[in-house]
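Numbering (our numbering), first residue to last: 724 to 842.
C-beta: ideal position from N, C-alpha, C; glycine also.
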Amino acid sequence: MHLIAASEDRTLTAWDTATHKCRATWRTTGSVQSVTSAGDQMTLVSAGHEPNLTIWDLRSPEAVLVVKNAHVGGVGAVDAAQGLPLLASGGIDSTVRLWDLRTTSTSISCQPLATGQGH
């Protein structure tokens with residue numbers, strides 16, 4: 724199990740809750756406002772002032788996927804459904820979007836499913 728810290732200083736840090744040690748630190752291109760762990764516990768999704776969603780793997784030193792222009796403007800919130808390949812993102816464009824987030828041992832994909840207005 725991991726605890727993930729997101730920061731305005733453009734970093735994400737993963738802490739191992741069993742050993743209390745830092746597992747990984749990533750540098751992002753913008754401040755991070757929200758981060759969530761996907762169902763496999765090795766995949767993270769971060770969002771912030773940029774319109775993108777960034778997908779991370781705890782085993783990789785770099786982002787594994789950037790979903791460009793996920794929203795118009797920044798993304799204020801992300802959350803993954805545990806046990807399902809679903810991700811929700813909320814943007815400053817007043818939309819909530821659902822994403823199909825598929826992870827396998829060799830690939831990650833994130834495809835749009837639906838958009839709702841007026842959150």
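Measure the CB-CB distance between residue i and residue j and report whether it falls below 7 angstroms.
i: residue 824; j: residue 808; result: yes
i: residue 749; j: residue 726; result: no
Kindly list the residues whose CB is nearer than 6 angstroms to the CB of residue i, restricted to its own chain and excluding five residues on each side of it in sequence; keep chain order.
i: residue 800; result: 757, 813
i: residue 759; result: 768, 801, 802, 803
Could you have a look at residue i and say whether DSSP puts it in helix, strand or coil?
i: residue 812; result: strand
i: residue 789; result: strand
i: residue 730; result: coil
i: residue 782; result: coil
i: residue 752; result: coil
i: residue 834; result: strand
Excluding the five sequence neighbours on either side, which residues of its own chain have a C-beta within less than 8 angstroms of the C-beta of residue i, listed in chain order?
i: residue 816; result: 794, 795, 796
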